[in-house]
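Numbering (UniProt numbering), first residue to last: 1 to 572. Note that CB positions come from ideal geometry on N, CA and C, so glycine has one too.
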Amino acid sequence: MAAPTLDLPNLLRSGTLSVLLSSNPNSEVWRYFGKLANFGEVILQKQSKVFCKLCLDSGNFKEYSCHVSTGNLHTHLQQNHQIDTKTKSHAKQMQKLTAYFEGTSRPTQPSDEKWKLGREICLWFCRDLLPFHTVAKNGFQNFCCQYGITNSSRSLPDEQTIGSAALNDVYNLTLGKVKPALSSAGDGVSITLDCWTDNYRRISYITYTCHWIDDLWKLQDISLGTSPFPHPHTGEAIAADIQQTLKNFSLDGRIFRVTTDGGANIIKALKLCGLQRHPCLAHGMHNLIKKDFLDNGTEDLKTCSEILKKIRAVHRSLLYKYDELSSSATEIKAREETPETEEILALDDQYDTMLLDENCTGTFTTLKRDVPTRWNSIQTMLTSFLENRAIIKDVLERHQLYEKILLPNEIKAAIEIKKVLEFFEIATDVLQGSSYPSIHLSLLIRSEIVDRAFKEPKTKKKKNFVDIKNELLKKHSLVIPDESLDAEVKKYLLVAISSEDVLDWWRKNEYGFPNLANLAKRFLSIQVTSAPSERAFSTAGLVVTSRRSSLHPLIVKKILFVHDNYDAMLDI
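In structure tokens form, the structure reads like this:
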């Protein structure tokens with residue numbers, strides 16, 4: 001028997017029709033769409049359809065299949081009723097997403113649970129630089145099911161969701177926290193920038209890091225992003241990218257200094273932008289050590305170059321002899337543990353033992369090679385060579401490569417070179433920090449290298465202070481009365497030298513030196529090296545690997561932005 005035909009127009013006129021809405025909608029559109037009912041009961045003939053409540057209230061019918069995508073329903077509400085449910089829905093989701101930073105309770109609805117779980121997994125993978133396809137691996141899925149994170153692997157979001165919608169949400173949330181933080185940074189902001197090319201597809205990137213001192217005298221640093229930067233890398237192209245980046249983060253006219261390497265194109269770009277550059281001190285130290293010390297061809301320093309060449313030749317000779325070196329190390333260690341052998345060899349090795357420092361052991365720690373672009377790799381090479389020199393000598397003797405064995409005086413010279421480089425390594429490590437001010441430390445390190453007590457007379461030191469004071473008066477005389485600045489500078493010069501942390505000192509004394517405190521905030525925010533940008537590229541190298549070389553550059557950008565800024569946003 002055929003079902004009775006519904007006379008919907010008559011039912012509409014009678015006022016008995018209504019749209020039953022969900023009591024707990026998981027999307028904004030379901031506040032306006034639902035099942036058609038008569039006298040409060042769902043009409044069975046129309047249970048496969050959903051109806052617009054607003055259309056029904058105005059005397060019309062608009063139905064859609066219950067399997068229709070919510071995108072069509074969003075469009076209907078926007079075009080026919082001027083209701084933008086997409087924006088409302090996105091705002092609601094982003095409000096949930098802030099739970100990552102606030103630690104709120106988990107949602108109870110299954111759809112909300114899957115939505116949030118996808119964003120939490122995405123955040124986890126970005127922070128730990130894990131590939132998105134980890135979510136599809138059996139071990140990960142079994143772990144989630146075993147510990148009650150999900151009931152089945154089907155409850156987990158897929159790789160495409162994490163790498164697209166979830167990544168976009170997490171990136172936008174992080175960006176939404178970075179911009180307000182920058183707006184409160186004032187106009188004493190310093191940045192670093194550098195360019196990098198990945199090793200697989202040779203795609204170029206440019207990165208920016210931002211640094212400032214807040215009202216509590218804490219040094220803040222965040223990443224402005226590592227973005228794809230196509231060739232050519234001309235000064236004009238870099239200048240355009242700098243201007244666009246500063247505009248995106250509302251930093252126009254607020255940059256105090258930009259720390260970069262000595263690339264001619266970057267120097268030109270900063271001139272075009274009207275920005276003042278601070279040269280990277282680490283690059284300067286690299287040139288000092290490489291050109292003026294290690295690669296210096298003068299007679300006095302020729303021995304250094306020859307010793308390094310000889311050590312490199314030894315490394316090349318032993319390049320594929322790891323097993324033999326390890327075996328030799330085991331034998332030497334066994335001999336050292338045998339008292340009789342030690343007594344027999346004591347006299348023969350007495351002279352060599354005098355030259356061997358405490359780092360020489362019978363444990364093989366692999367040989368490190370130097371990299372031409374990193375002077376500190378020479379120090380690493382020397383350390384590995386000297387720690388393994390007894391093992392190296394043993395293997396070279398077995399192969400009758402006697403000409404490659406370093407003489408005792410050459411070993412002694414290598415130890416001295418290593419000691420010199422260790423000082424520069426410590427200095428470089430200190431200057432490359434970004435969690436504390438470093439520009440004032442460069443003066444202390446210079447005073448360690450050059451004893452100012454003998455290099456500069458007291459009259460010259462006093463003249464330097466006077467020159468600085470006059471420069472301050474010249475620059476700020478239009479804003480602050482000369483007498484006020486002059487008195488403040490004199491008062492500052494009379495303060496006893498303190499070993500207290502420089503930011504703590506200024507936090508306690510800023511009201512006593514208001515004008516100098518303003519200058520201190522600006523200058524102490526300057527990064528003395530471009531290491532923050534280079535660290536960003538080191539992280540990028542962990543993202544763009546041989547297994548992830550096909551990642552789209554914009555996805556790389558978003559992953560790095562979340563990774564670099566998450567911890568900073570928790571502290572701000």
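On a Cα-Cα basis, can you pick out the residue from T539, I266, A496 and T545 that is closest to V562?
On the sequence shown, position 562 is the one that residue 562 refers to. When each option's Cα is compared against that of V562, the closest is T539.
Using only CA atoms, which one of Y200, Q220, G186 and A313 lies nearest to residue 575?
The question about residue 575 has no answer here: the residues shown for the chain are numbered 1 through 572.
When you compare only the Cα positions, how much space is there between residue 580 and V258?
The structure shown does not extend to residue 580, since the chain is modelled only from 1 through 572, so no value can be given for it.
Determine the direct distance from the alpha carbon of T428 to that of I213, and round the result to whole angstroms.
Within the sequence shown, the letter at position 213 stands for residue 213. Within the sequence shown, the letter at position 428 stands for residue 428. I213 and T428: Cα-Cα distance of roughly 22 Å.
Taking just the CA atoms, how far does I266 sit from I559?
Translated into the one-based positions of the sequence shown, residue 559 becomes position 559. Translated into the one-based positions of the sequence shown, residue 266 becomes position 266. One C-alpha to the other measures close to 26 Å.
Could you tell me the distance, in whole angstroms, from the CA atom of T383 to the CA atom of Q146?
Within the sequence shown, numbered from 1, the residue matching residue 383 stands at position 383. Within the sequence shown, numbered from 1, the residue matching residue 146 stands at position 146. Distance between the alpha carbons of T383 and Q146 is about 48 Å.
Taking all protein chains shown into account, do 16 or more other C-beta atoms lie within 10 angstroms of the C-beta of I162, making it buried, or fewer, making it exposed?
Translated into the one-based positions of the sequence shown, residue 162 becomes position 162. Under this definition I162 is a buried residue.
Return the first residue and the last residue of the alpha helix (DSSP H) that F385 is part of.
The residue labelled residue 385 in the question sits at position 385 within the sequence shown. Residues N376 to E387.
Does I255 pass the burial test, meaning 16 or more other C-beta atoms within 10 Å, or should it be called exposed?
Reading the sequence shown from its first residue, position 255 is the one you call residue 255. With 16 or more Cβ atoms within 10 Å of its Cβ, I255 is classed as buried.
Would a C-beta distance cut-off of 8 Å place K534 and D194 closer than the cut-off?
In the sequence shown, counting from the first residue as 1, residue 534 sits at position 534. In the sequence shown, counting from the first residue as 1, residue 194 sits at position 194. According to the sequence shown, residue 534 is Glu rather than Lys. Yes, Cβ-Cβ distance for E534 and D194 is below 8 Å.
Could you tell me whether the stretch 367-374 touches the stretch 306-324, using the rule of 3 or more Cβ pairs below 8 Å?
The answer is yes - the stretch 306-324 touches the stretch 367-374, with three or more Cβ pairs under 8 Å.
By the 10 Å Cβ neighbour count, where 16 or more other Cβ atoms means buried, how is A487 classified, buried or exposed?
In the sequence shown, counting from the first residue as 1, residue 487 sits at position 487. With fewer than 16 other Cβ atoms within 10 Å, it is exposed.
What residues match up with K49 in a beta bridge as DSSP calls it?
Taking the first residue of the sequence shown as 1, we reach residue 49 at position 49. Looking at the DSSP assignment, K49 forms a beta bridge with S65.
So, with DSSP's three-state summary, where would you put R38?
Translated into positions along the sequence shown, residue 38 becomes position 38. The question names Arg, but residue 38 in the sequence shown is Asn. It is a strand residue.
Taking all protein chains shown into account, decide if H67 is buried (16 or more other Cβ within 10 angstroms of its Cβ) or exposed.
To locate residue 67, count along the sequence shown from 1; it is residue 67. Exposed: under 16 other Cβ atoms inside 10 Å.
Check whether the stretch 64-78 touches the stretch 25-40, taking contact to mean three or more Cβ pairs, one atom from each stretch, closer than 8 Å.
Result yes; three or more Cβ-Cβ pairs closer than 8 Å.
With burial defined as no fewer than 16 other Cβ atoms inside 10 Å of the residue's Cβ, what is the status of I222: buried or exposed?
Residue 222 sits at position 222 when you count from the first residue of the sequence shown. I222 is buried by the Cβ-count criterion.
Does DSSP put R119 in a helix, in a strand, or in coil?
The residue labelled residue 119 in the question sits at position 119 within the sequence shown. Note: R119 maps to helix in three-state DSSP.
Which word fits T16, buried or exposed, when buried means at least 16 other C-beta atoms lie within 10 angstroms of its C-beta?
Translated into the one-based positions of the sequence shown, residue 16 becomes position 16. By the 10 Å Cβ count, T16 comes out exposed.
Go through its chain and collect everything with a Cβ distance to L216's Cβ below 8 Å, but skip five positions before and after it.
The residue labelled residue 216 in the question sits at position 216 within the sequence shown. Closer than 8 Å at Cβ, skipping near neighbours: R507.
Determine the contact status of V521 and G253, defining contact as a CB-CB distance below 8 Å.
The residue you call residue 521 lines up with position 521 of the sequence shown. The residue you call residue 253 lines up with position 253 of the sequence shown. Note that residue 521 is Lys in the sequence shown, not Val. Cβ distance not < 8 Å, so K521 and G253 don't count as in contact.
For D194, name the three-state secondary structure that DSSP assigns.
Indexing the sequence shown from 1 puts residue 194 at position 194. In this structure, D194 counts as strand in the three-state DSSP scheme.
Do I242 and C273 have their C-beta atoms closer together than 8 Å?
Within the sequence shown, the letter at position 242 stands for residue 242. Within the sequence shown, the letter at position 273 stands for residue 273. Cβ atoms of I242 and C273: closer than 8 Å.
Please say whether N565 and T174 have beta carbons closer to each other than 8 Å?
As a working mapping, residue 174 is identified with position 174 in the sequence shown. As a working mapping, residue 565 is identified with position 565 in the sequence shown. Yes, they are a contact pair.
From the DSSP secondary-structure annotation, give me the bridge partner or partners of Y208.
Numbered from 1 along the sequence shown, position 208 holds the residue referred to as residue 208. Paired residues: L193 and G225.
Do you know offhand how far I238's Cα is from Q527's?
Stepping through the sequence shown from its first residue, residue 238 is reached at position 238. Stepping through the sequence shown from its first residue, residue 527 is reached at position 527. Cα to Cα, the separation comes out at about 20 Å.
When DSSP labels each residue in this structure, what does H278 get in the three-state scheme?
The count along the sequence shown starts at 1 and reaches residue 278 at position 278. Here H278 sits in strand by DSSP.
Using three-state DSSP, classify Q432 as helix, strand or coil.
The residue given as residue 432 occupies position 432 in the sequence shown. Reduced to three states, the DSSP call for Q432 is coil.
Bridge partners of V258, per DSSP?
As a working note, residue 258 is residue 258 in the sequence shown. Paired residues: I191 and R277.
Count the other CB atoms, across all protein chains shown, that sit within 10 Å of the CB of A264; report buried if there are 16 or more and exposed otherwise.
By 1-based counting over the sequence shown, the position of residue 264 is 264. The residue is exposed, with fewer than 16 neighbouring Cβ atoms inside 10 Å.
Can you tell me the Cβ-Cβ gap for V502 and P437, rounded? I've got them flagged as a contact below 8 Å.
Position 502 of the sequence shown, counted from the first residue, corresponds to residue 502. Position 437 of the sequence shown, counted from the first residue, corresponds to residue 437. The pair is a contact, with the Cβ atoms about 6 Å apart (cut-off 8 Å).
Assuming R548 and P131 form a contact by the criterion Cβ under 8 Å, report the distance between their Cβ atoms to the nearest whole angstrom.
For the purposes of this step, residue 548 is taken as residue 548 along the sequence shown, with counting starting at 1. For the purposes of this step, residue 131 is taken as residue 131 along the sequence shown, with counting starting at 1. The pair is a contact, with the Cβ atoms about 6 Å apart (cut-off 8 Å).
How about I405 and K393: are their beta carbons less than 8 Å apart?
Within the sequence shown, residue 405 is the residue found at index 405, counting from 1. Within the sequence shown, residue 393 is the residue found at index 393, counting from 1. It is a contact, given that the beta carbons lie within the stated cut-off.
Assign L493 to one of two classes, buried (16 or more other C-beta atoms within 10 Å of its C-beta) or exposed (fewer than that).
Residue mapping note: residue 493 aligns to position 493 of the sequence shown, counting from 1. When all chains shown are included, L493 counts as exposed.
Using three-state DSSP, classify I213 as helix, strand or coil.
For the purposes of this step, residue 213 is identified with residue 213 of the sequence shown, where counting begins at 1. Here I213 sits in strand by DSSP.
Who are the Cβ neighbours of S18 in its own chain at under 6 Å, not counting the five residues just before and after it?
Position 18 of the sequence shown, counted from the first residue, corresponds to residue 18. Cβ neighbours of S18 beyond the five flanking positions: A37.
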